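Undergrad:
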Amino acid sequence: MRKLILVSLLFCSSSFAQESSRHWEALKESFTLLAKGSYMQFTQINNLGYAALATPSLIIAAKEDDRLANHYRGQNISNAVDLVGDLSVVLNQPFFPAAIYFLGDYKNNSHSVQFAKELFAATYLALGESGLLSFIDIHKRPSSDKLSFWEKSFRGDSSFPSGHVIPYQVLFFKTLQFYGPAWSIIPLGLSVVASMQRVQDRKHYVSDVVGSFFLSAFASEGVRAAANYSSNDSFYKKYFERSDLQVGILRYQNAIGPMVSLKY
Numbered sequence: 000m001r002k003l004i005l006v007s008l009l010f011c012s013s014s015f016a017q018e019s020s021r022h023w024e025a026l027k028e029s030f031t032l033l034a035k036g037s038y039m040q041f042t043q044i045n046n047l048g049y050a051a052l053a054t055p056s057l058i059i060a061a062k063e064d065d066r067l068a069n070h071y072r073g074q075n076i077s078n079a080v081d082l083v084g085d086l087s088v089v090l091n092q093p094f095f096p097a098a099i100y101f102l103g104d105y106k107n108n109s110h111s112v113q114f115a116k117e118l119f120a121a122t123y124l125a126l127g128e129s130g131l132l133s134f135i136d137i138h139k140r141p142s143s144d145k146l147s148f149w150e151k152s153f154r155g156d157s158s159f160p161s162g163h164v165i166p167y168q169v170l171f172f173k174t175l176q177f178y179g180p181a182w183s184i185i186p187l188g189l190s191v192v193a194s195m196q197r198v199q200d201r202k203h204y205v206s207d208v209v210g211s212f213f214l215s216a217f218a219s220e221g222v223r224a225a226a227n228y229s230s231n232d233s234f235y236k237k238y239f240e241r242s243d244l245q246v247g248i249l250r251y252q253n254a255i256g257p258m259v260s261l262k263y
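Per numbering that gives the first Met the number 0, residue 0 is the first one in the sequence shown, and the count goes up by one each step.
1. So T54 is in the alpha helix (DSSP H); what residue range does that whole segment cover?
2. Which partner residues does I184 have in the DSSP bridge list?
3. Counting Cβ pairs, one atom from each stretch, are 3 or more of them under 8 Å apart for the stretch 32–49 and the stretch 217–231?
4. Please look up how many angstroms separate the CB atoms of G84 and Q196, rounded, as I've assumed it's under 8 Å.
5. Going by alpha carbons, who is nearest to Y71 out of Q199, L102 and F177?
6. Express the C-alpha separation of F30 and P180 in angstroms, rounding to a whole number.
7. What does the Cβ neighbour count give for P55, buried or exposed, with the cut at 16 atoms within 10 Å?
8. Tell me R223's beta-bridge partners as DSSP assigns them.
9. Check each candidate in K237, F234, I255 and S219 and name the one with the smallest Cα separation from Q273.
10. Nearest to L86 by CA position, among V192, H110, W23 and V112, is which residue?
11. Need the endpoints of the alpha helix (DSSP H) that E128 sits in, please.
12. From the DSSP secondary-structure annotation, give me the bridge partner or partners of I99.
13. Taking Cβ to Cβ, would you say S157 is nearer than 8 Å to K145?
14. For R140, which of helix, strand or coil comes out of DSSP?
15. Consult DSSP for I255 and reduce its assignment to one of helix, strand or coil.
16. Please state whether DSSP places R197 in a helix, a strand or coil.
17. Would you list the one or two residues that DSSP bridges to R250?
18. Using only the alpha-carbon positions, how far apart do E28 and Y235 sit?
19. To the nearest angstrom, report how far apart L57 and K116 are at their CA atoms.
20. Check this for me: beta carbons of S194 and V208, under 8 Å apart or not?
21. If the criterion is Cβ atoms closer than 8 Å, does the pair H203 and S161 meet it?
22. Please check the pair L132 and F159, which I expect to be a contact at CB under 8 Å, by giving their CB distance rounded to whole angstroms.
What follows is the structure in structure tokens.
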């Protein structure tokens, strides 16, 4: 009987060690995706398109910053909008991607496991970049009253870009990548509501949440490129995964210009 109990304990401890080893490898892979994504984001053609959209968007948003900040001065925020904005603090923690990972691992769903790893990597890459950019003196917050611990820590005095809404925005991009446009509508709607809360609460300008949107897009694409996952949603693969990109010089008669060729 004692031998049977001893063998059972050894088997359980061996299984636990194997499980722990697999989970640690997944965590290490997530951080590797974060590290690789940090520089691979600058090599992605999609991010060149996002940068082209970001420039006019930020210019237009900056022109409206003061007007909208003054417009919401003293106004009450609805409980629903406030709740969505506050929940983003929860999503800033690693518990959400961890829960998706363990559920996918329990169900033997490798797609969910990969989604969780890329979500973790892209979220913390974007949050880290947001924190670094906030040390550049772009502009102060519309109001510095009643700032929480999370709003004062891990970043500089500039409110650009907003780190508060990044978890929703990264979740949108990663959901679009893994599960398609229909499912991505949910996190997109939540990111819009959370952005409204930040502006209405005068913690951020419109340009701050617009900036974080494109920052999230950059990070998401960088992590996607680092992972090189082959089973993304068909819609995403068709419209966002370029199969061929050629850059060169075009000569026509006596004129010389850049040449960019895309194939789908």
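Just so it is clear, CB atoms sit at the ideal spot from N, CA and C, and this is done for glycine as well. On a predicted model such as this, the values are computed, not experimentally measured, just so you know.
TA: Put simply:
1. Numbered from its first residue, the sequence shown carries residue 54 at position 55. From DSSP, the alpha helix (DSSP H) with T54 extends over I44 to H70.
2. Numbered from its first residue, the sequence shown carries residue 184 at position 185. Looking at the DSSP assignment, I184 forms no beta bridge with any residue, so it has no partner.
3. yes
4. Reading the sequence shown from its first residue, position 85 is the one you call residue 84. Reading the sequence shown from its first residue, position 197 is the one you call residue 196. The Cβ separation is near 3 Å, so the contact holds.
5. Sequence index remark: in the sequence shown, residue 71 carries index 72 (1-based). Q199 is the residue among Q199, L102 and F177 whose C-alpha sits nearest the C-alpha of Y71.
6. In the sequence shown, counting from the first residue as 1, residue 180 sits at position 181. In the sequence shown, counting from the first residue as 1, residue 30 sits at position 31. Going by the C-alpha atoms only, they are around 27 Å apart.
7. Locating residue 55 in the sequence shown gives position 56, counting from the first residue. Exposed is the call here.
8. Counted from its first residue, the sequence shown places residue 223 at position 224. DSSP output for R223 lists no bridge partner at all.
9. Outside the shown range of the chain, which is 0 to 263, sits residue 273, and nothing can be said about it.
10. Taking the sequence shown and counting its residues from 1, one reaches residue 86 at position 87. Taking only the C-alpha atoms, the option nearest L86 is V192.
11. Walking along the sequence shown from the start, residue 128 turns up at place 129. First-last of the alpha helix (DSSP H) with E128: S109 to L132.
12. As a position in the sequence shown, residue 99 is number 100, starting the count at 1. According to DSSP, I99 bridges with nothing at all.
13. If you number the sequence shown from 1, residue 157 lands on position 158. If you number the sequence shown from 1, residue 145 lands on position 146. No, they are not a contact pair.
14. Locating residue 140 in the sequence shown gives position 141, where the first residue counts as 1. In the structure shown, R140 sits in coil (DSSP, three-state: anything other than H, G, I, E or B).
15. Indexing the sequence shown from 1 puts residue 255 at position 256. In this structure, I255 counts as strand in the three-state DSSP scheme.
16. As a first step, residue 197 is located in the sequence shown; it is residue number 198 there, counting from the start. Helix at R197.
17. One-based indexing of the sequence shown puts residue 250 at position 251. Paired residues: I255.
18. Here residue 28 refers to the residue found at position 29 of the sequence shown. Here residue 235 refers to the residue found at position 236 of the sequence shown. CA-CA distance, E28 to Y235, rounds to 23 Å.
19. Taking the first residue of the sequence shown as 1, we reach residue 57 at position 58. Taking the first residue of the sequence shown as 1, we reach residue 116 at position 117. Roughly 30 Å separates the two Cα atoms.
20. Taking the first residue of the sequence shown as 1, we reach residue 194 at position 195. Taking the first residue of the sequence shown as 1, we reach residue 208 at position 209. Going by C-beta atoms, S194 is nearer than 8 Å to V208.
21. As a first step, residue 203 must be located in the sequence shown, where it is residue number 204. As a first step, residue 161 must be located in the sequence shown, where it is residue number 162. Yes.
22. Here residue 132 refers to the residue found at position 133 when the sequence shown is read from its first residue. Here residue 159 refers to the residue found at position 160 when the sequence shown is read from its first residue. That belief holds up - the Cβ atoms of L132 and F159 are roughly 7 Å apart, short of 8 Å.
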